[in-house]
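Trainee: Protein chains in written order, with my numbering: chain A, 16 to 392; chain B, 16 to 392; chain C, 16 to 392; chain D, 16 to 392. Even glycine gets a Cβ: it sits at the ideal position worked out from N, Cα and C. Sending over a structure as structure tokens; questions will come in a sec.
Number of protein chains: 4
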Amino acid sequence: MGMVGGGIGAFIGGVHRMAANLDGEIELVCGAFSSDPVKSKASGEALYLPSDRVYGSFQEMIEQEKKLPADVRMQFVSIVTPNHMHFAPAKMALENGFHVVCDKPLCFTMEEAYELQALVKKTDLLFALTHNYTGYPMVKHARQMIKEGQLGALRKIVVEYPQGWLSTKVEDTPSKQAAWRTDPQRSGIAGAMGDIGTHAENLAEYITGLKITRLCADLSIFVPGRLLDDDGNVLLHFENGAKGILHASQISAGEENNLNIRVYGEKGGLEWRQMEPNTLLVKWLDQPTQILRTGVGALSRQAHAHTRIPAGHPEGYLEAFANIYRNFAFCLRAHLEGKQPDPIYRDFPSVDDGVRGMLFIQKVVQSSADTQKWTDF
Amino acid sequence: MGMVGGGIGAFIGGVHRMAANLDGEIELVCGAFSSDPVKSKASGEALYLPSDRVYGSFQEMIEQEKKLPADVRMQFVSIVTPNHMHFAPAKMALENGFHVVCDKPLCFTMEEAYELQALVKKTDLLFALTHNYTGYPMVKHARQMIKEGQLGALRKIVVEYPQGWLSTKVEDTPSKQAAWRTDPQRSGIAGAMGDIGTHAENLAEYITGLKITRLCADLSIFVPGRLLDDDGNVLLHFENGAKGILHASQISAGEENNLNIRVYGEKGGLEWRQMEPNTLLVKWLDQPTQILRTGVGALSRQAHAHTRIPAGHPEGYLEAFANIYRNFAFCLRAHLEGKQPDPIYRDFPSVDDGVRGMLFIQKVVQSSADTQKWTDF
Amino acid sequence: MGMVGGGIGAFIGGVHRMAANLDGEIELVCGAFSSDPVKSKASGEALYLPSDRVYGSFQEMIEQEKKLPADVRMQFVSIVTPNHMHFAPAKMALENGFHVVCDKPLCFTMEEAYELQALVKKTDLLFALTHNYTGYPMVKHARQMIKEGQLGALRKIVVEYPQGWLSTKVEDTPSKQAAWRTDPQRSGIAGAMGDIGTHAENLAEYITGLKITRLCADLSIFVPGRLLDDDGNVLLHFENGAKGILHASQISAGEENNLNIRVYGEKGGLEWRQMEPNTLLVKWLDQPTQILRTGVGALSRQAHAHTRIPAGHPEGYLEAFANIYRNFAFCLRAHLEGKQPDPIYRDFPSVDDGVRGMLFIQKVVQSSADTQKWTDF
Amino acid sequence: MGMVGGGIGAFIGGVHRMAANLDGEIELVCGAFSSDPVKSKASGEALYLPSDRVYGSFQEMIEQEKKLPADVRMQFVSIVTPNHMHFAPAKMALENGFHVVCDKPLCFTMEEAYELQALVKKTDLLFALTHNYTGYPMVKHARQMIKEGQLGALRKIVVEYPQGWLSTKVEDTPSKQAAWRTDPQRSGIAGAMGDIGTHAENLAEYITGLKITRLCADLSIFVPGRLLDDDGNVLLHFENGAKGILHASQISAGEENNLNIRVYGEKGGLEWRQMEPNTLLVKWLDQPTQILRTGVGALSRQAHAHTRIPAGHPEGYLEAFANIYRNFAFCLRAHLEGKQPDPIYRDFPSVDDGVRGMLFIQKVVQSSADTQKWTDF
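In structure tokens:
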């Protein structure tokens with residue numbers, strides 16, 4: 016693995032590295048950790064990389080690595096830069112034969128998104144987007160239960176992603192994380208909706224197996240002087256007639272990272288909360304609610320394949336994130352060996368999920384500005 | 016107290032009687048428990064009432080009671096019939112000088128609502144509407160915290176009322192409760208929105224002290240053959256610029272009676288759930304969340320005045336309901352004695368709240384049918 | 016009902032009255048609310064009693080009421096005084112043909128306990144002890160599940176009753192509640208163990224249907240200058256070979272009234288917590304835990320008979336307390352009519368439970384002072 | 016790192032590897048994964064180790080690695096075998112100059128324990144025992160709060176470790192995990208008490224900073240035919256006069272891995288549960304309980320130093336385990352560089368904790384057999 020971005024002080028870069036390390040299937044062999052070569056070098060050194068594998072730019076990394084023998088050079092690129100810097104390295108990596116893992120949202124504009132999508136199709140290289148929340152075992156299980164019809168036809172979906180960390184104008188403090196997320200030049204046309212609303216959208220479509228068909232959005236900027244939405248409420252219609260609500264917020268004071276979803280069907284309902292991810296509540300008509308737990312009893316094969324340790328030993332965010340990397344690694348190994356991977360591991364968000372996320376951003380922004388109720392999605 | 020409705024087998028009539036009994040401040044002295052005189056008699060007997068105080072109709076009750084000496088006759092009427100039968104007894108009671116406690120929603124049509132409102136104003140009689148969920152001590156405390164500005168200016172309100180009991184066509188079984196609630200002739204123009212959506216609306220406005228100014232509603236009928244909405248999702252704008260979401264549902268499979276509200280302001284947030292009503296979570300910016308509990312520590316005078324027993328001895332739905340009756344009784348006693356009640360007890364939902372609830376029903380139904388996004392409220 | 020004790024400012028007297036009021040089956044007709052006649056009068060007046068039914072002493076009350084016509088006089092006595100004043104009114108009531116409801120613990124000494132037990136047997140009058148926590152519907156259901164063998168043979172019982180309100184020397188403040196509970200002259204030989212340990216013991220034996228056969232206790236006084244135990248830890252053996260732990264404490268800082276019990280058998284386990292009493296967790300071997308809830312699904316007849324309102328409308332402490340009064344009233348009515356009550360209502364703690372509680376107090380105090388491990392019970 | 020044990024199919028070996036991998040500070044370079052050389056080879060291959068670094072026995076590994084150049088050979092041994100096979104590799108490693116990480120309990124007998132303790136002292140090599148539960152950030156914070164006196168003098172400690180997985184005779188099925196844990200030849204003189212009771216003891220002493228001074232134990236074997244305790248209840252006295260309860264069980268049907276602790280002092284209390292490890296409840300006298308959360312607000316430096324990701328992104332068992340490995344790695348690096356490590360990282364369980372755990376096992380077994388109440392510890 017070669018990394019683009021994620022130098023010292025970054026948040027998500029470290030997460031990607033820990034996720035890639037966890038299962039011992041992936042080795043970080045090189046990186047362009049910063050657009051500042053000095054900082055990139057320092058970062059590489061702190062990561063125990065040989066100095067000749069630490070590059071001053073992603074271009075240099077891709078070019079140089081390409082020249083190395085096949086068994087030495089990186090096999091894929093992991094892109095962990097802010098949104099506006101996903102496209103260029105992803106494109107160049109694909110064009111030079113490197114597989115890609117990319118943080119979300121996919122990129123900056125719809126044009127970029129479609130270009131990447133076409134490029135992945137054309138090159139037949141592997142591409143994973145780290146919508147990491149779908150990596151949790153109980154999310155996999157929820158999806159499977161719904162797929163098997165255990166809840167009957169779905170009727171209502173409520174997905175929420177409240178955070179409170181941008182309740183004040185944090186972007187005016189030296190917070191690198193807040194600065195780029197609230198900056199239209201680096202984040203894109205949406206703030207909270209792009210940063211976390213897309214996770215909610217992805218989670219809802221992943222678990223339900225249903226596509227959103229139209230939506231009605233009400234985005235707000237609550238913190239004076241902020242340039243992008245910090246809160247949004249959205250009504251949803253799904254392809255099977257189900258209705259829903261999605262709301263995401265970064266001004267919900269006192270909330271940490273409270274992504275959660277409730278799905279109701281004819282026969283029962285599900286509830287999952289990211290902050291207590293090893294629990295899946297299953298609600299039945301006039302029967303006791305069941306507490307499904309990672310590792311307990313006869314869960315689906317999908318849940319088991321993404322669980323590392325026995326029941327009661329909580330697995331968290333990094334393990335879910337690592338499931339994406341591990342599945343990617345298993346598929347990459349199969350790819351390199353010319354084999355088919357076990358289908359259970361071919362389960363990570365794709366460039367198509369990325370395009371869908373970009374469309375979601377575009378549609379909620381458009382809907383919010385509209386006086387008509389519904390915007391097709 | 017004389018009761019209209021609430022014969023044997025009714026749900027809410029029994030609740031009203033227990034709530035009225037609890038504090039020993041109110042005595043049931045007569046009733047017209049059913050439009051069927053035989054059933055009314057049987058009900059009165061089961062309640063240990065003398066047979067001459069059990070009437071065959073509310074008209075008879077009001078006429079006869081009026082003739083009794085002042086210290087013997089009922090002092091107020093409690094109306095616990097289905098929605099379409101609130102107006103007539105309420106009107107007649109007011110016109111004959113009896114105070115009124117009435118179940119919600121106030122009545123059947125806006126015309127009736129305005130007429131009752133005018134009548135209450137004209138007669139200067141006491142009128143309480145049993146939006147009982149605002150009777151909980153921690154709801155009172157939440158309202159007080161917000162009033163005192165502890166959360167700063169409010170930004171976001173999420174109020175939910177999911178139930179699952181109408182997930183199947185229960186109205187086709189011998190369920191009296193389901194039958195009238197899903198019948199436009201008895202329930203009115205809305206189903207779930209009238210039955211429980213109004214509770215959510217009332218709770219949100221009570222706690223925040225803010226009025227909803229416009230809304231965008233998406234009502235659904237999920238159970239085939241049903242005539243009224245069994246689910247609804249609503250975007251809200253509040254008078255101070257706050258945004259919100261209200262959703263109410265009777266097809267959220269596996270949900271009991273999960274009314275809950277979250278309010279976020281500049282400085283902090285609140286979360287309250289009716290099914291665990293003695294807990295109020297208070298969330299702060301970058302500080303530990305606090306678990307406020309009925310009876311623990313220095314809560315507001317409002318909370319204390321509506322709490323009966325020490326911390327850790329859970330008070331529930333009936334106690335909250337009883338707070339409305341007890342406050343009404345205290346105010347009635349003061350009224351009869353020509354005194355002013357302690358303002359802390361002048362805290363029960365009024366006919367104006369009832370008019371507002373009726374308007375809410377009208378507006379969500381109208382908005383749901385509209386292609387325009389916003390409907391003024 | 017005639018009440019002994021429970022004047023203005025008392026805690027448990029008000030609880031008894033609300034519990035007796037709730038279901039409309041019992042009427043307070045007289046009382047000796049205080050040993051101070053002036054205070055007794057004032058209390059009676061506040062309760063809307065006619066002044067000639069408010070007495071200056073329990074002796075006067077029993078004597079005078081006895082002279083009244085059978086359809087006027089009180090039918091039973093409710094005793095809500097501190098521990099040292101249970102015996103005399105209970106004895107006199109029984110000797111004069113009045114049924115009795117008495118707060119716990121039964122009395123002050125074992126001699127008194129045995130005397131009351133004999134008297135109840137001899138007079139064949141009804142006697143209820145308000146170990147109110149067994150009045151909760153989910154406690155009834157737990158007992159029934161175990162009785163039916165759903166958990167298999169029981170192995171382990173953990174019952175806890177932590178409170179924190181005596182963490183400081185509250186008895187030196189003007190707290191009437193703390194004063195008598197920490198005073199050996201009024202409370203008896205035990206503090207926390209008598210006040211709340213007996214509730215834990217009663218709950219454990221009621222739910223499991225098993226008797227404790229021996230115990231090993233370690234009582235402590237943590238607050239300097241206090242005269243009775245404010246904390247105690249006890250190892251238990253049960254008659255079927257099950258083992259257990261009971262601990263009760265009034266110095267567990269920050270705890271409210273956290274009575275809870277866990278029972279484990281060969282096939283599954285149960286968990287119930289008084290502060291969230293409408294939930295019963297049922298744990299199975301390698302199967303999802305179930306959340307049983309008051310009013311949801313096919314619960315036992317025992318649970319239903321002690322539930323008033325539909326699922327999701329929380330019933331609390333007063334409703335559980337009222338279940339004892341209501342069952343007592345039903346049995347008393349049957350008794351007066353010479354009928355057998357429905358066995359499902361013959362379910363309230365008896366004088367025998369009271370004797371057992373007194374023995375428990377004696378045994379834990381004895382064991383705590385002993386150097387031998389086990390004390391037979 | 017060279018590993019002893021942990022071949023394919025083992026549980027704890029995989030945990031150690033993931034924990035060592037997570038932070039990118041440690042590299043697995045060799046191993047003797049099984050006493051069966053074929054199985055060891057296969058395991059090494061699956062871990063991408065070169066075949067010449069996969070050994071058939073720990074003796075071979077230590078001997079061969081010792082001959083390698085200092086910058087190539089393993090720097091420490093990680094021992095993840097069943098209890099009876101900790102001593103020999105640990106001893107040999109220390110005697111040959113290798114640092115050691117060892118799973119708990121330390122070894123098989125007190126003699127072995129004391130010998131290892133002496134050897135560590137003599138060689139001045141680093142030795143970490145993986146009492147992993149003390150690796151959680153909120154456990155660190157709890158310890159720090161108590162150290163700073165925020166709770167005042169401690170009074171009561173309740174530590175529990177219920178599991179249910181041995182509720183049936185699992186050792187008769189092909190469960191490797193159950194087989195050795197219930198076998199006196201491999202597990203030692205205790206079953207549940209050695210396997211998980213020691214974790215509870217270690218957690219209690221770590222958080223409180225207090226030593227247990229005497230105890231009274233009641234161990235049981237509930238599953239017929241089992242040879243070692245599967246349940247135990249213990250009364251505790253601590254050095255400052257605090258009292259406590261420890262219970263551990265593997266027959267608490269339906270429990271997963273529910274280690275938890277409550278500590279009560281003069282001024283407040285703490286509650287932490289391993290299955291929701293990012294939450295620490297802090298209870299105060301007559302003040303709202305606070306929910307302290309990993310990453311939220313101004314936590315102690317100790318908590319921050321053991322937290323990887325922002326609030327609301329749950330860290331779990333592996334992250335806590337990894338904190339031991341990372342701290343060990345930091346200290347080892349400092350040791351190799353002749354520097355002092357930052358004291359905040361010198362925080363991992365030592366050989367002395369291991370000796371204490373072995374003593375605990377001995378004392379509870381002895382106490383359980385005794386008729387005297389107290390056994391000194």
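#1: Exposed or buried, which one is L83 (chain C) when buried takes at least 16 other CB atoms within 10 Å?
#2: Output the distance between the C-alpha atoms of A25 (chain D) and G212 (chain A), rounded to the nearest integer angstrom.
#3: Just grab the DSSP bridge partners of W117 (chain A) for me.
#4: If you follow the beta strand (DSSP E) that C122 (chain A) is part of, which residue opens it and which one closes it?
#5: Name the chain D residues that come within less than 8 Å of H262 (chain C), Cβ to Cβ?
#6: Exposed or buried, which one is T197 (chain A) when buried takes at least 16 other CB atoms within 10 Å?
#7: Short check: CB of L230 (chain C) to CB of G247 (chain C), under 7 Å?
#8: So, are the CB atoms of A219 (chain C) and I161 (chain C) less than 7 Å apart?
#9: In the DSSP assignment, the beta strand (DSSP E) including G369 (chain C) goes from what residue to what residue?
#10: Expressed to the nearest angstrom, what Euclidean distance is found between the alpha-carbon atoms of W195 (chain A) and G269 (chain A)?
#11: Start and end of the alpha helix (DSSP H) containing N338 (chain D)?
#12: When the Cα atoms are used, what is the spatial distance from V116 (chain C) to V297 (chain C)?
#13: Tell me the rounded alpha-carbon separation between H156 (chain B) and G284 (chain C).
#14: Determine the closest residue to L333 (chain C) out of B:R323, B:D362 and B:R341, with distance taken between C-alpha atoms.
#15: Does DSSP put H262 (chain A) in a helix, in a strand, or in coil?
#16: How would you write the range of the alpha helix (DSSP H) that R323 (chain B) sits in, first residue to last?
#17: Could you give the first and the last residue of the continuous alpha helix (DSSP H) run that contains P104 (chain B)?
#18: Check whether chain B comes within 7 Å of E330 (chain C), counting only Cβ atoms and requiring the distance to be less than that.
#19: Identify which residue in D:I94, D:E60 and D:G369 has its Cα closest to the Cα of L131 (chain D).
#20: Taking 7 Å as the CB-CB cut-off, is Y176 (chain A) touching chain B?
#21: Using CA coordinates, which residue listed in C:K54, C:Y63 and C:T390 is at the minimum distance from L251 (chain C)?
#22: Excluding sequence positions up to five away, which residues of its chain have a Cβ less than 7 Å from the Cβ of A232 (chain D)?
#23: Less than 7 Å between the beta carbons of P199 (chain D) and G372 (chain D), yes or no?
#24: Please tell me whether P356 (chain B) and F343 (chain B) are closer than 7 Å, where the distance is taken between their beta carbons.
#25: I'd like to know if G312 (chain B) contacts chain D, where contact means its C-beta is closer than 7 Å to some C-beta of that chain.
#26: Could you check which residue in C:V19, C:Q302 and C:F113 has the C-alpha nearest to that of G71 (chain C)?
#27: Within its chain, find whatever has a CB closer than 6 Å to the CB of Q265 (chain A); leave out the 5 residues flanking it on each side and keep chain order.
#28: For P12 (chain D), which residues in chain B fall below 8 Å Cβ to Cβ?
#29: State the start and end residues of the unbroken alpha helix (DSSP H) segment that holds F73 (chain B).
#30: Between N36 (chain B) and L43 (chain C), what straight-line distance do the alpha-carbon atoms span, to the nearest angstrom?
#31: Is any beta-carbon of chain A found at less than 7 Å from that of E271 (chain D)?
#32: Starting from the C-beta of R277 (chain B), find all residues in its chain whose C-beta is less than 6 Å away, skip the five residues before and the five after it, and write them out in chain order.
#33: For a test of the three-state rule: what should DSSP assign to G20 (chain B), helix, strand or coil?
#34: Assign T386 (chain C) to one of two classes, buried (16 or more other C-beta atoms within 10 Å of its C-beta) or exposed (fewer than that).
#35: Compile a chain-ordered list of the residues in the region 275 to 292 of chain D whose CB is closer than 8 Å to at least one CB of chain C.
Mentor: Considering the structure as presented:
#1: Against the third sequence, residue 83 (chain C) aligns to sequence position 68. L83 (chain C) is exposed by the Cβ-count criterion.
#2: Within the fourth sequence, residue 25 (chain D) is the residue found at index 10, counting from 1. Within the first sequence, residue 212 (chain A) is the residue found at index 197, counting from 1. Roughly 41 Å between the two C-alpha positions.
#3: On the first sequence, residue 117 (chain A) is found 102 positions in, with the first residue counted as 1. The sequence given here has Cys at residue 117 (chain A), not Trp. According to DSSP, C117 (chain A) bridges with A:I94 and A:L144.
#4: As a working mapping, residue 122 (chain A) is identified with position 107 in the first sequence. Here C122 (chain A) belongs to no beta strand (DSSP E), and DSSP marks it neither H nor E.
#5: Start at 1 with the first residue of the third sequence, and residue 262 (chain C) comes out as number 247. Neighbours of H262 (chain C) on chain D, chain order: V173 and I260.
#6: For the purposes of this step, residue 197 (chain A) is taken as residue 182 along the first sequence, with counting starting at 1. Burial call: buried.
#7: Stepping through the third sequence from its first residue, residue 230 (chain C) is reached at position 215. Stepping through the third sequence from its first residue, residue 247 (chain C) is reached at position 232. Contact flag unset, no.
#8: In the third sequence, counting from the first residue as 1, residue 219 (chain C) sits at position 204. In the third sequence, counting from the first residue as 1, residue 161 (chain C) sits at position 146. Cβ atoms of A219 (chain C) and I161 (chain C): not closer than 7 Å.
#9: Numbered from its first residue, the third sequence carries residue 369 (chain C) at position 354. Taken as a continuous stretch (DSSP letters only), G369 (chain C) belongs to no beta strand (DSSP E), being part of the alpha helix (DSSP H) at V366 to A384.
#10: As a working mapping, residue 195 (chain A) is identified with position 180 in the first sequence. As a working mapping, residue 269 (chain A) is identified with position 254 in the first sequence. Going from the Cα of W195 (chain A) to the Cα of G269 (chain A) covers about 22 Å.
#11: Numbered from 1 along the fourth sequence, position 323 holds the residue referred to as residue 338 (chain D). That run of the alpha helix (DSSP H) goes Y332 to L351.
#12: For this step, residue 116 (chain C) is matched to residue 101 along the third sequence. For this step, residue 297 (chain C) is matched to residue 282 along the third sequence. Using only the alpha carbons, I get a separation of about 33 Å.
#13: On the second sequence, residue 156 (chain B) is found 141 positions in, with the first residue counted as 1. On the third sequence, residue 284 (chain C) is found 269 positions in, with the first residue counted as 1. Each residue's Cα considered, the two are about 37 Å apart.
#14: Start at 1 with the first residue of the third sequence, and residue 333 (chain C) comes out as number 318. Answer by Cα proximity: B:R323.
#15: Here residue 262 (chain A) refers to the residue found at position 247 of the first sequence. If DSSP states are grouped into helix, strand and coil, H262 (chain A) belongs with the strands.
#16: Residue 323 (chain B) sits at position 308 when you count from the first residue of the second sequence. Unbroken run through R323 (chain B): none, as it is neither H nor E.
#17: Taking the first residue of the second sequence as position 1, residue 104 (chain B) is located at position 89. P104 (chain B) -> alpha helix (DSSP H) spans F102 to E110.
#18: Walking along the third sequence from the start, residue 330 (chain C) turns up at place 315. True, the Cβ-Cβ gap to chain B drops below 7 Å.
#19: As a working mapping, residue 131 (chain D) is identified with position 116 in the fourth sequence. Selected option, being the one with the closest Cα: D:G369.
#20: As a position in the first sequence, residue 176 (chain A) is number 161, starting the count at 1. Not an interface residue.
#21: Here residue 251 (chain C) refers to the residue found at position 236 when the third sequence is read from its first residue. Among C:K54, C:Y63 and C:T390, the Cα nearest to that of L251 (chain C) is on C:T390.
#22: Taking the first residue of the fourth sequence as position 1, residue 232 (chain D) is located at position 217. Cβ neighbours of A232 (chain D) beyond the five flanking positions: G247, V249, V379, S382 and S383.
#23: By 1-based counting over the fourth sequence, the position of residue 199 (chain D) is 184. By 1-based counting over the fourth sequence, the position of residue 372 (chain D) is 357. No, Cβ-Cβ distance for P199 (chain D) and G372 (chain D) is not below 7 Å.
#24: Your numbering for residue 356 (chain B) matches position 341 in the second sequence. Your numbering for residue 343 (chain B) matches position 328 in the second sequence. No. Outside cutoff.
#25: Within the second sequence, numbered from 1, the residue matching residue 312 (chain B) stands at position 297. Answer yes: the Cβ-Cβ gap between G312 (chain B) and chain D drops below 7 Å somewhere.
#26: In the third sequence, counting from the first residue as 1, residue 71 (chain C) sits at position 56. Minimum Cα distance to G71 (chain C) is reached at C:V19.
#27: Taking the first sequence and counting its residues from 1, one reaches residue 265 (chain A) at position 250. Cβ neighbours of Q265 (chain A) beyond the five flanking positions: Q178, L181, A207 and D245.
#28: Any property of residue 12 (chain D) remains undetermined from this structure, which presents chain D solely from 16 to 392.
#29: Residue mapping note: residue 73 (chain B) aligns to position 58 of the second sequence, counting from 1. Note, F73 (chain B): alpha helix (DSSP H), F73 to K82.
#30: By 1-based counting over the second sequence, the position of residue 36 (chain B) is 21. By 1-based counting over the third sequence, the position of residue 43 (chain C) is 28. When rounded, the distance between both Cα atoms is 12 Å.
#31: Walking along the fourth sequence from the start, residue 271 (chain D) turns up at place 256. Closer than 7 Å to some Cβ of chain A, the Cβ of E271 (chain D) qualifies, so yes.
#32: The sequence position of residue 277 (chain B) within the second sequence is 262, counting from 1. Contacts found: V173 and E286.
#33: Within the second sequence, the letter at position 5 stands for residue 20 (chain B). Coil, per DSSP.
#34: Indexing the third sequence from 1 puts residue 386 (chain C) at position 371. The residue is exposed, with fewer than 16 neighbouring Cβ atoms inside 10 Å.
#35: R277, Y279, G280, E281, K282, G283 and G284
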